[in-house]
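**Q** Can you keep this structure in mind? I'll have questions shortly.
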Amino acid sequence: MSHIVSPDLVKDRIERLPLLSATASALLQLLQREQYSQAEVVRLVETDAALTTCILKVVNAPSFGLGQQVHSVARAVSFLGDKLVTAIALGNCAHQVYNHALGGYEGSAGQLWEHSLATAIAAREFARLMTPPVPLGLAFTAGIVHDIGKSVLSEFLEGRSQSLLETLDAQEIEDFALAEAQALGTDHARLGALLARRWQLPEPLVQAIAYHHTPSRAAPPWQGLCCAVHLGDALAMCLGLDTGCDALQYGLDDLTCATPDLSPAVMDVLVFTVHHEFQKTRTMFFG
Ligand SMILES: [Fe+2]
Ligand SMILES: [Fe+2]
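Per the UniProt record's numbering, the sequence shown starts with residue 1, numbered consecutively.
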């Protein structure tokens, strides 16, 4: 019996997901520019009442530890930083994507959000090591959005994940994304890129989503970015911040292994930084 998912069904599911808010979209566009000012970020946030409320709530939460009330968006943005504001905009506006349980991956609610945040922080750290340089803000945002395809594919994986894992165990196939493609006719990276195009995300983000498991196949200008996300994704999974049954079921792309200097000393510092940053940010959100 064929389990191949019909492209029409996929299209239907993608169209049913909410569109990214105009503010989140504009923030993503802004952050991928070489130069922008914090005033531009503030102006965008101020036009969005829901986002303004959310940001003020985060910055005034006891877990943020400011010990003073913040009432202005400008001050809130300066405390949080542009990247975190964008992460909040995405997590807030697209909560249907990030916060529902990924049943097909045997993941719980919120797990995709935590994995995405850890990948974003790690991708930013790997981006610092890339030659030619990869913009840090872009690497962070790409990390946040890299697995959005799972929110669509999860439904089609329901009840099938164990048989996919068995094909991996039997070494018939070496990568969970390949197992998805073999069983369903598509994988979460491909679906994510479709969703990203519907959301009109900037091209580098579409590339990072499409090729986060296979950076050597990305268009040359975006290979460094895709490598940073690829490594960030792997590190997030090594730290136990995964999305469920596909944890550590992906290979490392040869191009990625060859790119940055990943000596044990460099990795030690990197793991510590990512773990520390992640805990700090999670506490900010959830107390
Ligand atoms: Fe992935
Ligand atoms: Fe991932």
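Even for Gly, the Cβ is constructed at its ideal location relative to N, Cα and C.
1. Return yes when at least one heavy atom of ligand 1 lies under 6 Å from the C-beta of residue 147, else no.
2. Measuring only the C-alpha atoms, how far is residue 168 from residue 186?
3. Please list the segments of the alpha helix (DSSP H) lying wholly inside the region 221-251, counting only runs of 4 or more residues, in order along the chain.
4. Mind checking whether the beta-carbon of residue 233 lies closer than 6 Å to any heavy atom of ligand 2?
5. Run through DSSP, which three-state label would residue 267 get?
6. With a Cβ-Cβ cutoff of 7 Å, do residue 154 and residue 104 count as a contact?
7. Which value, in whole angstroms, describes the spacing of the CA atoms of residue 2 and residue 183?
8. Does DSSP put residue 14 in a helix, a strand or coil?
9. Decide if residue 149 is buried, meaning its Cβ has at least 16 other Cβ atoms within 10 Å, or exposed.
10. Rounded to whole angstroms, what is the Cα-Cα separation between residue 347 and residue 8?
11. Taking the alpha carbon of residue 125 as the point to measure from, which residue in 30, 136, 131 and 117 has its own alpha carbon closest?
12. Out of curiosity, what's the CA-to-CA distance linking residue 217 and residue 240?
13. Taking Cβ to Cβ, would you say residue 88 is nearer than 7 Å to residue 146?
14. Is the beta carbon of residue 215 sitting closer than 7 Å to the one on residue 207?
15. Could you give the DSSP three-state label for residue 200: helix, strand or coil?
16. For residue 37, which of helix, strand or coil comes out of DSSP?
17. Quick one: Cα of residue 16 to Cα of residue 263, how far?
18. Does the count of Cβ pairs from the region 163-179 and the region 109-123 closer than 8 Å reach three?
19. Can you look up residue 134 in the DSSP assignment and give me helix, strand or coil?
20. Closer than 7 Å by C-beta to residue 252: which residues in its own chain qualify, once you throw out the five before and the five after it? Chain order, please.
21. Just to confirm my understanding: we take residue 288, look at its own chain, exclude 5 residues before and 5 after, and list those with CB closer than 7 Å. What are they?
22. For residue 269, collect the residues of the same chain with a Cβ closer than 6 Å to its Cβ; drop the 5 residues on either side in sequence, then sort them by chain order.
23. How about residue 118 and residue 236: are their beta carbons less than 7 Å apart?
24. Pick helix, strand or coil for residue 182, following the three-state DSSP scheme.
25. Excluding sequence positions up to five away, which residues of its chain have a Cβ less than 8 Å from the Cβ of residue 29?
26. Is residue 276 near residue 256, with beta carbons less than 7 Å apart?
27. So, helix, strand or coil for residue 169, using DSSP?
**A** Per the coordinate set shown:
1. One-based indexing of the sequence shown puts residue 147 at position 147. Residue 147 Cβ: within cutoff of ligand 1.
2. The residue you call residue 168 lines up with position 168 of the sequence shown. The residue you call residue 186 lines up with position 186 of the sequence shown. Each residue's Cα considered, the two are about 17 Å apart.
3. Counting whole runs of 4 or more residues, the region 221-251 contains the alpha helix (DSSP H) stretches 223-238.
4. In the sequence shown, counting from the first residue as 1, residue 233 sits at position 233. Result yes, Cβ under 6 Å from ligand 2.
5. As a first step, residue 267 is located in the sequence shown; it is residue number 267 there, counting from the start. Taken through DSSP and simplified to helix, strand or coil, residue 267 comes out as helix.
6. Start at 1 with the first residue of the sequence shown, and residue 154 comes out as number 154. Start at 1 with the first residue of the sequence shown, and residue 104 comes out as number 104. In this structure, the beta-carbon distance from residue 154 to residue 104 falls below 7 Å.
7. Taking the first residue of the sequence shown as 1, we reach residue 2 at position 2. Taking the first residue of the sequence shown as 1, we reach residue 183 at position 183. Any answer about residue 2 is weak, because its pLDDT of 47 lies below 50 and its placement is not dependable; what the coordinates show is given next. Looking at the two C-alpha atoms, the distance is approximately 8 Å.
8. Within the sequence shown, residue 14 is the residue found at index 14, counting from 1. Here residue 14 carries a helix assignment [DSSP, helix/strand/coil].
9. Against the sequence shown, residue 149 aligns to sequence position 149. Result: buried.
10. As shown, the chain starts at 1 and ends at 287. That puts residue 347 outside it, with no answer to give.
11. Taking the sequence shown and counting its residues from 1, the one referred to as residue 125 is at position 125. A check of alpha carbon separations from residue 125 across 30, 136, 131 and 117 identifies 136 as the nearest.
12. In the sequence shown, counting from the first residue as 1, residue 217 sits at position 217. In the sequence shown, counting from the first residue as 1, residue 240 sits at position 240. Rounded to whole angstroms, residue 217 to residue 240 spans 27 Å at the Cα level.
13. Position 88 of the sequence shown holds residue 88. Position 146 of the sequence shown holds residue 146. In terms of Cβ geometry, residue 88 and residue 146 do not form a close pair [threshold 7 Å].
14. Start at 1 with the first residue of the sequence shown, and residue 215 comes out as number 215. Start at 1 with the first residue of the sequence shown, and residue 207 comes out as number 207. Against a cut-off of 7 Å, the Cβ pair of residue 207 and residue 215 comes out as no contact.
15. On the sequence shown, position 200 is the one that residue 200 refers to. DSSP places residue 200 in coil when its eight states are reduced to three.
16. The residue labelled residue 37 in the question sits at position 37 within the sequence shown. Reduced to three states, the DSSP call for residue 37 is coil.
17. Numbered from its first residue, the sequence shown carries residue 16 at position 16. Numbered from its first residue, the sequence shown carries residue 263 at position 263. Take the alpha-carbon of residue 16 and the one of residue 263: they are about 45 Å apart.
18. Taking 8 Å as the limit for Cβ pairs, the verdict is that the region 109-123 does not touch the region 163-179.
19. Within the sequence shown, numbered from 1, the residue matching residue 134 stands at position 134. Residue 134 falls in the coil class under three-state DSSP.
20. Residue numbering aside, residue 252 sits at position 252 when the sequence shown is read from its first letter. The residues are 234.
21. The requested residue 288 does not occur in the structure, where the chain is confined to residues 1 to 287.
22. Working through the sequence shown from its first residue, we reach residue 269 at position 269. Excluding the 5 residues flanking it on each side, residue 269 has no same chain C-beta neighbour closer than 6 Å.
23. Taking the sequence shown and counting its residues from 1, the one referred to as residue 118 is at position 118. Taking the sequence shown and counting its residues from 1, the one referred to as residue 236 is at position 236. Going by beta carbons, residue 118 and residue 236 fall inside the 7 Å limit.
24. Taking the sequence shown and counting its residues from 1, the one referred to as residue 182 is at position 182. When secondary structure is reduced to three states using DSSP, residue 182 falls in the helix class.
25. Stepping through the sequence shown from its first residue, residue 29 is reached at position 29. A distance below 8 Å between beta-carbons, with the five flanking residues on each side excluded, links residue 29 to the following residues of its chain, in chain order: 202.
26. Translated into positions along the sequence shown, residue 276 becomes position 276. Translated into positions along the sequence shown, residue 256 becomes position 256. Going by C-beta atoms, residue 276 is not nearer than 7 Å to residue 256.
27. Counting from 1 along the sequence shown, the entry for residue 169 is found at position 169. Looking at residue 169 - three-state DSSP - the assignment turns out to be helix.
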